[in-house]
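Structure record follows, encoded as structure tokens.
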Ligand code: MN
Ligand code: MN
Ligand code: MN
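Residue numbers (this note's numbering): 9 to 285.
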């Protein structure tokens, strides 16, 4: 049987529900042999995850998922094998976390203007170490203002809805270079989720590669066969290594389970070869 690996996961240090050690316990139950923790714009959970992986005999890769902007779109870059003590990397993450806090405060004000208890919702979200829209969504849910997290996004929080605020994230090339400078390997996250034409996606991948990008997620939970084919074609064309992950956030979502079989499409170099694991 192919081993299981997962190089894209979230803990409660960003918008996941499980503490890093609990995430690792679940990974062990699911026979994951190689695991990266890639919280949004923070590596604060990596020490805890590393210790838990050591206890379970799982190989651990310290990671991050940086938020960036390219042509006015939010693009995510996973960084694997990050040197967490690299000062410019730490400063980059601190800057993004401050942007996140400002955004949540501004979204709270928008929600207040729309007749909701925006200050309370924002305060609850801001108690998280890396506050995200998911935290606002959960706060809306827990007050019974919406039925589900998805409904919170659809009604209030996504682009075009009353609570949405756009943010000037660092640009894509800057995020890639920040990861590379910290000895990390930059992987373009979930290419199938950017709502762009094939031509624009190709340009994105080309510019990502030109900035120093190394990998592309070609096997991610939730990718359909067509998405996977497109990602594999792009990886071959731009000679990017293929990465595998779940983008796991919580145990309650059976369509995004932790751990994926380490099987890549033909003629794709595995990202593990670039990580030395
Ligand atoms: Mn997330
Ligand atoms: Mn993402
Ligand atoms: Mn993610």
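Just so you know, even glycine gets a beta-carbon here, dropped at the ideal spot from N, CA and C. Quick caveat: nothing in here was measured; it's all calculated off a predicted structure.
Per DSSP, residue 123 is not a residue of any beta strand (DSSP E), being assigned neither H nor E.
Taken through DSSP and simplified to helix, strand or coil, residue 42 comes out as strand. Residue 164 and residue 108 have their C-alpha atoms roughly 17 angstroms apart. With fewer than 16 other Cβ atoms from the protein chains shown falling within 10 Å of its own Cβ, residue 269 counts as exposed. Our two residues, residue 226 and residue 22, have alpha carbons roughly 23 angstroms apart in a direct line.
Beta-bridge pairing by DSSP links residue 24 to no other residue. Between ligand 2 and residue 142, a heavy atom-to-CB distance of less than 7 angstroms is absent. Under the three-state reduction of DSSP output, residue 225 falls in the strand class. Every alpha helix (DSSP H) stretch that sits fully inside the segment 47–106 and reaches 4 residues is listed by chain position as 54–64. Within its own chain, the residues whose Cβ lies closer than 7 angstroms to the Cβ of residue 266, once the five positions on either side in sequence are excluded, are 14, 17, 34, 35, 38, 40, 254 and 256, listed in chain order.
Relative to ligand 1, residue 48 has its C-beta within less than 7 angstroms of a heavy atom. Separation of the CB atoms of residue 66 and residue 104 is rounded to 28 angstroms, and the pair is thereby denied contact status at 8 angstroms. Of 106, 150, 158 and 214, the smallest CA-CA separation from residue 48 is found for 106. For residue 12, the enclosing beta strand (DSSP E) has its first and last residue at 12–14. In the three-state scheme derived from DSSP, where H, G and I count as helix and E and B as strand, residue 255 is classed as coil. Cα atoms of residue 25 and residue 211: separation of roughly 34 angstroms, rounded to the nearest angstrom. For residue 196, the secondary structure class from DSSP, reduced to helix, strand or coil, is strand.
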